[in-house]
Structure formats: structure tokens, C-alpha cells
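Protein chains in written order, with the working numbering: chain A, 1 to 41; chain B, 1001 to 1458.
The beta-carbon is built from N, C-alpha and C at its ideal position, and this holds for glycine as well.
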């Protein structure tokens, strides 16, 4: 049996990826902000 | 035997399940437990409020890392037997209740409760959570196991990026009195429980015989060091391949952690005798950039390993790492830019070493008990966690005592790191396919998924 081409569950997929990527983006944003601040004063 | 909601039989996916729903399940656990690397945020307020020394305030973190290694090593078989939902649930309960017990410890000024809660109970959550999604991801992405585990293990690196500013802001809001710290701990416990519950609810096992569209296992394994057979966790540790890989992981981590743990004083010392010494602020920026490449390396290099092969990518991590350390040694304090670039790439190899190893294990030992084997291999991490900082700190201290300064403080450490990476490189070269006497009886093409399913059911 191979991967089906049935329903893609787009809504659920979007929700769960946002669930994990939003906090991750916040962390990366804070890190980049810190790097920029430190090197630009 | 797991029953009901947590049982593996309850999470077998329907045939039309989208496999891209599995990485977020893994990430919801790894992004949470990665908080452990941001423990230092709590150190100053705990020291001030409870009158602790720096060594004492590090105890919850240290115990947490030790328990992580032990619970991953000894809990791996339970994870394979009871399935990923059970493992993620155990991780959620332990990690969150660890924070709640710590909150109680702070509010009652019983510091041992903080150590036991965060380090002991929370540490079990770290270890079980770390290995919980590995074999599931490999089963869903047999065509791209390096990328799949790279996403999850990148999450572990990313967890600290989220927790560090978030915990700081929470301490600012609640204050750094005992009540404020306790409230912050309790809030962490509640929010992480909520965040991780997505993984518990979402994780699924592929149905028996499922495979990605267009993927042919026989074609994927032909002519490469990827097995169709399966080796149990108990047999795996009897093979030389396991121990060669243990050395590879241990020395790759040792070489990276040596820089990571001492990055800020190292860059400051290195350029202290130049016309443009590195300021404390710039050194902190350097550390932040190391965190970023450590994290990105986990995804980028591990995904690349699906194309170039696991053995080749470790040749790059270990051989390339040795050459980069040699570059740092040769240029001394003549080029700040070259120093920074070399250190960033070394740290990307460090993170990638963690992320690629589950796929390497899958190639060598099959999917049957890859989670349990991975757990046992993580003891190499525990050893490296002690070895790396010990080498760099002890050598730098002795060189400073001998009156040396600048790059000379680190010359011997750099030689040692190069030596370790060369040994790791040679160990990688010694890795060959596992002797068939270690294979599970009746293994062969087409039986992998079936056995993996049965393994999850047992």
C-alpha cells in the first residue's frame, strides 16, 4: 500500500505547522535581534 | 502493556493520512524539552533569592542532562514497546510536573525539591521525549530519514531560542522574589503541557505495509550501506558498528561542545593581544550566532545526508571539522573573520552529528528498534558533555597559570580536538554493514514495516 492521494487535511496541516512554527519564529526573531543589536550597538 | 488511548494500536493512521502531520507532532515535544539549554536564565534569580552558589544553581540542569542520558538509554525499549503516544505523554507529564514540583520547592524554599523536580522528574521527560518521535519519523519518511529526524532534532536546538527570551520576559513580569520565580515555573509547566499535548494527540504510526508514493525499498537500498534487515537493541550493542558509531558521536560532540561551552571567553582571549580586541557584547553576539548555526546544521546537513549517504556526511563532519580546527590553529589571531566562519561551520557539524545519527542507525540496524538503539547511543553525549568542557577548561587554566595568553591558551586544546576528530574519522571508516548473524530471524525485504509494527505493538 502506498501513500494515498486522498484528502490532504489542509486545515489541520496549516494549524499544526503554525502551532510549532510561530513560537519557533519568535525565538529566531529574538536571536537575530540580539545579534543585530550587539553588532550595531 | 499499554491500553486505551495511549496504546499503539489506537494510533495506526488511516491510509490517507498526510505524513507531513508527523513532524509537527515531533516538534511540539522537541521545541518544549529544548528549554533545558535555557536553564541559565533561572540561575541568577535563584542564587539571589535562595542564597545559592553558581555551582548549586547549576545542579538542576546537570542532573537533568544526566537523567536525560540514562532515561534515553534505559527507557528506549519501553518507548519501542509502548509506542510514540505513550512516550510523548510520559514526557509531557514528567517535564511539566518537574516545573510544578520546582515551583513548590521555590515557594517553600526547599531547594532540593527544585533539583529533584527539574533535574530528576523533568530529566526523565527530557530523555523519553528526545527519543519519542525518532523511530516513528523514520517509519513515515523511509525515503528521507535524515531530513525527518533533522527537523525534530533541530527543534531541540530551537527550544532554547524560544525559552530564553520567553523565560526572561516572564521573570520580568512576575518578579524575582520566591513567589515570582515559583509563578514562572508553574506557568512553564502549564504552557509546556498544553504545547506538548499537540504531539500526544497528533502522532500516528503508519499502517502495515504503508510506504511513500513511488518509493521502492529495494531500489533505495541497492548498492548503498542501507540494510533491509533488522537488529534488536540488545544485539546492536554487541556489534562493532554500534561502538564505532558511539566513538564517532562522542568525539564529534566533544569537539563541538568544547567551543560551545567556552565560546565567549575563547574569542575574547584569542584576540586580546590584537589592535581590535573583541568586546563582551560582540562575544555575546558570536555565541548567539553559534546557536543559530548549531540549529540550522541539524536540518541542512542531516537532509543532505539523504542524498550523499550517512558515511560520507560524517566524513565531512569529522574530516572537515579537523581541517577547520587546524585553520583556527594556523591563523591564530590574524583573521577574526576566518576564526568566526570556521567556528560557525564547526558548530553546524556539531548539531548535525546529533541529527544525522538516528538515520545512520536506521541504515545499519533497520527500523525495528531504532529508537531504543538511539537511546543507548546517547550515552556518548553524556560522556562528551563532561569530556569537551573538561579538556578546554583544564588546558586553558593550565596555560594561563604558565603565563601564556591569546591563542596560546588554546593551542593544546585545539590539537586535542583535531586528534579526537581524526579518531572519529577513522572509526567512521571502520563502519561496515552489520553481520547477518545479528539480524532478526526471517528478515528480508518487505518484512521491515511488518516487524516495525509488531515491535510497536509489543
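Close Cβ partners of residue i (< 7 Å) along its chain, the five nearest in sequence each way excluded
i, result
"residue 1274 of chain B", "1333"
"residue 1028 of chain B", "1195, 1196, 1198 and 1199"
"residue 1121 of chain B", "1094, 1097, 1098 and 1101"
"residue 1185 of chain B", "1099, 1102, 1103 and 1106"
"residue 1290 of chain B", "1260, 1263, 1343, 1344 and 1347"
"residue 1071 of chain B", "1123, 1124, 1127 and 1128"
"residue 1232 of chain B", "1368, 1369 and 1440"
Heavy atom of the ligand GDP within 8 Å of residue i beta-carbon
i, result
"residue 1132 of chain B", "Within the structure as shown, the ligand GDP is missing, as the structure has no ligands at all."
Cβ-based neighbour list, residue i, same chain, cut-off 6 Å, excluding 5 preceding and 5 following
i, result
"residue 1212 of chain B", "1143"
"residue 1057 of chain B", "1043, 1046 and 1047"
"residue 1148 of chain B", "1137 and 1141"
"residue 1180 of chain B", "1174"
"residue 1267 of chain B", "1278, 1283 and 1286"
"residue 1364 of chain B", "1241 and 1434"
"residue 1073 of chain B", "1375, 1376 and 1379"
"residue 1012 of chain B", "1205 and 1207"
"residue 1153 of chain B", "1298, 1354 and 1355"
"residue 1226 of chain B", "1363"
"residue 1399 of chain B", "1409"
"residue 1222 of chain B", "In this prediction, residue 1222 of chain B scores a pLDDT of 47, lower than 50, which makes its location untrustworthy; the coordinate-derived value is nonetheless stated afterwards. Closer than 6 Å at Cβ, skipping near neighbours: no residue."
Other residues of its chain near residue i: CB distance less than 8 Å, five sequence neighbours each side excluded
i, result
"residue 1377 of chain B", "1242, 1245, 1246, 1249, 1357 and 1361"
"residue 1391 of chain B", "1254, 1258, 1413, 1416 and 1417"
"residue 996 of chain B", "What the structure shows of chain B is the stretch from 1001 to 1458, and residue 996 of chain B is not part of that stretch, so it cannot be assessed."
"residue 1004 of chain B", "1010"
Residue i in three-state terms, based on DSSP
i, result
"residue 1006 of chain B", "helix"
"residue 1231 of chain B", "strand"
"residue 1015 of chain B", "coil"
"residue 1440 of chain B", "coil"
"residue 1324 of chain B", "helix"
"residue 1043 of chain B", "helix"
"residue 1205 of chain B", "strand"
"residue 1211 of chain B", "strand"
"residue 990 of chain B", "Since the displayed chain B opens at 1001 and closes at 1458, residue 990 of chain B lies outside it and no answer follows."
"residue 1399 of chain B", "helix"
"residue 16 of chain A", "helix"
"residue 1431 of chain B", "coil"
"residue 1081 of chain B", "helix"
"residue 1239 of chain B", "coil"
"residue 23 of chain A", "helix"
"residue 33 of chain A", "helix"
"residue 1142 of chain B", "coil"
"residue 1406 of chain B", "helix"
"residue 1216 of chain B", "coil"
"residue 1329 of chain B", "helix"
"residue 1053 of chain B", "coil"
"residue 1418 of chain B", "helix"
Where residue i meets chain A, residues with beta-carbon distance less than 7 Å
i, result
"residue 1173 of chain B", "Going along chain A, no residue has its Cβ under 7 Å from residue 1173 of chain B, so there is no contact; the nearest lies around 16 Å."
"residue 1020 of chain B", "13"
"residue 1031 of chain B", "20, 23 and 24"
"residue 1024 of chain B", "16, 17, 19 and 20"
"residue 1202 of chain B", "16"
"residue 1198 of chain B", "16 and 19"
9 Å Cβ cutoff, residue i in contact with chain D
i, result
"residue 1266 of chain B", "The displayed structure is made up of protein chains A and B, and chain D is not among them."
Contact set between residue i and chain A, taken where Cβ atoms lie within less than 8 Å
i, result
"residue 1027 of chain B", "20 and 24"
Report the residue ranges of all beta strand (DSSP E) runs contained in full by the stretch 1174-1199 of chain B; include only those spanning at least 3 residues, in chain order.
Qualifying beta strand (DSSP E) stretches: none in this window.
Anything in the stretch 1283-1314 of chain B with a Cβ closer than 7 Å to a Cβ of chain A? List those residues in chain order, please.
From the stretch 1283-1314 of chain B, only 1284, 1285, 1288, 1289, 1291 and 1292 have a Cβ closer than 7 Å to chain A.
Just list the alpha helix (DSSP H) runs in the stretch 1335-1372 of chain B, keeping only unbroken ones of 4 residues or longer that don't cross its boundaries, in chain order.
Counting only runs of 4 or more, we get 1336-1365.
Residues within the stretch 18-29 of chain A neighbouring chain B, beta-carbon criterion of under 7 Å
From the stretch 18-29 of chain A, only 19, 20, 23, 24, 26, 27 and 28 have a Cβ closer than 7 Å to chain B.
Unbroken stretches of the alpha helix (DSSP H), 4 residues or longer, contained in the stretch 1087-1140 of chain B:
The stretch 1087-1140 of chain B contains these whole alpha helix (DSSP H) runs: 1111-1114, 1122-1131 and 1134-1140.
Using a Cβ-Cβ cut-off of less than 7 Å, list which residues of the stretch 1153-1165 of chain B approach chain A; keep chain order.
Under the 7 Å Cβ criterion, the stretch 1153-1165 of chain B contributes 1158, 1161, 1162 and 1165.
Using a beta-carbon distance cut-off of less than 9 Å, what residues from the stretch 1091-1119 of chain B approach chain A?
Result list empty, no residue passes.
Continuous alpha helix (DSSP H) assignments of at least 4 residues falling wholly in the stretch 1255-1326 of chain B:
Every alpha helix (DSSP H) of 4 residues or more that sits fully in the stretch 1255-1326 of chain B is shown, in chain order, as 1263-1270, 1280-1308 and 1310-1315.
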